[in-house]
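Start counting the sequence shown at 1; every next residue gets the next number (the UniProt record's numbering). Backbone N, C-alpha and C fix where the C-beta goes; we use that ideal spot for every residue, glycine too.
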Amino acid sequence: MYKSLFFKINDLCRVAQSNIVLRRNAGHSKWSNIKHTKGAMDQQKALTFARFSRQMKLAIREQNDPNPDTNYKLASIIEMAKKNSMPKDTILNAIKIHSSSKAEPIWFEIKGPRGSIFLIQALTENPRLMKQNLNTLIRKSGFSYCDSGAKHLFIHKGIIIAKPSQDIKNADDECIEHAINAGAEEVEIIDDDLKPGYFKFVCDPNIINKVQTNLEKFKYDVIHAEEEHLAIQKVSLNELEYEHITKFINQVEALQDVIHVYDNLN
1 MYKSLFFKIN DLCRVAQSNI VLRRNAGHSK WSNIKHTKGA MDQQKALTFA
51 RFSRQMKLAI REQNDPNPDT NYKLASIIEM AKKNSMPKDT ILNAIKIHSS
101 SKAEPIWFEI KGPRGSIFLI QALTENPRLM KQNLNTLIRK SGFSYCDSGA
151 KHLFIHKGII IAKPSQDIKN ADDECIEHAI NAGAEEVEII DDDLKPGYFK
201 FVCDPNIINK VQTNLEKFKY DVIHAEEEHL AIQKVSLNEL EYEHITKFIN
251 QVEALQDVIH VYDNLN
């Protein structure tokens, strides 16, 4: 079960807290089918480390700076990687490799069943090979490229997931004030088995580092801080369709140069 309290900060500045709406969502979650076996956990850890490595690659490319002392975005990713037990040598090796990369950013817009859309962000030195590999997966899955403009169906935001310190009393209430003072636009109380007691803060992507720093000043333990593309409207699929799409996404994410896969699924 996934339960959330959702607050729009701009609205909270104008209306009483009695208008806050409780949302419940027991629908599909990409985390819901994870089996807690050693093999599955080891595989998940490897995927997590690979994801952090790719994020470092993107941060270095965007800032043209491999030094975490001067590249705040890279420093933030390294901090998150350490919190997820990524070994120091693995981090240093990733930075060394990506420092000399000449990769260029590229986006792909894919459509699946029932209006499902996938935005694929890649950073590659060989766009032709990247597209060939992606074409193979698209063909096998029965998906296709969008005609154009699918990216406008998503909104670019900063997403921060954090847990308040035990020193914070009545965190469900105080998170609203903390979100406002930190510069966030929205805050959601997450209550599920994998992230109990965590909050999701949504902000302008241009100030995500500032919001993260402010939340840490309020004694939040930040475990995730990243720019994402969120679907403006989402679609629902049946279980078989979810399984088919999950397989496709996993295969795409396994491609070496893929940084992110965003979707519009409930």
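Quick one: is Leu230 buried, meaning 16 or more other Cβ sit within 10 Å of its Cβ, or exposed?
Translated into the one-based positions of the sequence shown, residue 230 becomes position 230. Exposed, since its Cβ has fewer than 16 Cβ neighbours within 10 Å.
Assuming contact is defined by CB atoms lying nearer than 7 Å, are Ala59 and Leu74 in contact in what I supplied?
By one-based count along the sequence shown, residue 59 stands at place 59. By one-based count along the sequence shown, residue 74 stands at place 74. Cβ atoms of Ala59 and Leu74: closer than 7 Å.
Helix, strand or coil: which one does DSSP assign to Pro205?
Counting from one through the sequence shown, the residue named residue 205 turns up at place 205. Reduced to three states, the DSSP call for Pro205 is helix.
Of all the options Lys131, Cys203, Leu134, which has the alpha carbon lying nearest to the alpha carbon of Ile155?
Counting from 1 along the sequence shown, the entry for residue 155 is found at position 155. It is Cys203.
By Cβ distance below 6 Å, which residues in the same chain neighbour Gln212 in space, the five residues on each side in sequence not counted?
Residue numbering aside, residue 212 sits at position 212 when the sequence shown is read from its first letter. Excluding residues within five positions, the ones whose Cβ falls inside 6 Å are Ile160, Val222, Ala225.
Which word fits Arg51, buried or exposed, when buried means at least 16 other C-beta atoms lie within 10 angstroms of its C-beta?
Here residue 51 refers to the residue found at position 51 of the sequence shown. Buried.
Determine the burial state of Arg114: buried for a count of at least 16 other Cβ atoms within 10 Å of its Cβ, exposed for fewer.
Taking the first residue of the sequence shown as 1, we reach residue 114 at position 114. By the neighbour-count rule (16 or more Cβ atoms within 10 Å), Arg114 is not buried but exposed.
Would you list the residues sitting across from Ser144 in a DSSP beta bridge?
For the purposes of this step, residue 144 is taken as residue 144 along the sequence shown, with counting starting at 1. Answer by DSSP bridge pairing, in chain order: Lys111.
Does the count of Cβ pairs from the region 251 to 259 and the region 127 to 144 closer than 8 Å reach three?
Output reads yes: the region 127 to 144 touches the region 251 to 259.
Enumerate, from N- to C-terminal direction, the unbroken alpha helix (DSSP H) stretches of 4 or more residues contained entirely within the UniProt domain "TACO1/YebC-like N-terminal" (29 to 96).
Runs of the alpha helix (DSSP H) inside the UniProt domain "TACO1/YebC-like N-terminal" (29 to 96): 38 to 63, 72 to 83.
Report the rounded CA-to-CA distance for Asn209 versus Met80, giving the unit in angstroms.
For the purposes of this step, residue 209 is taken as residue 209 along the sequence shown, with counting starting at 1. For the purposes of this step, residue 80 is taken as residue 80 along the sequence shown, with counting starting at 1. Cα to Cα, Asn209 sits roughly 13 Å from Met80.
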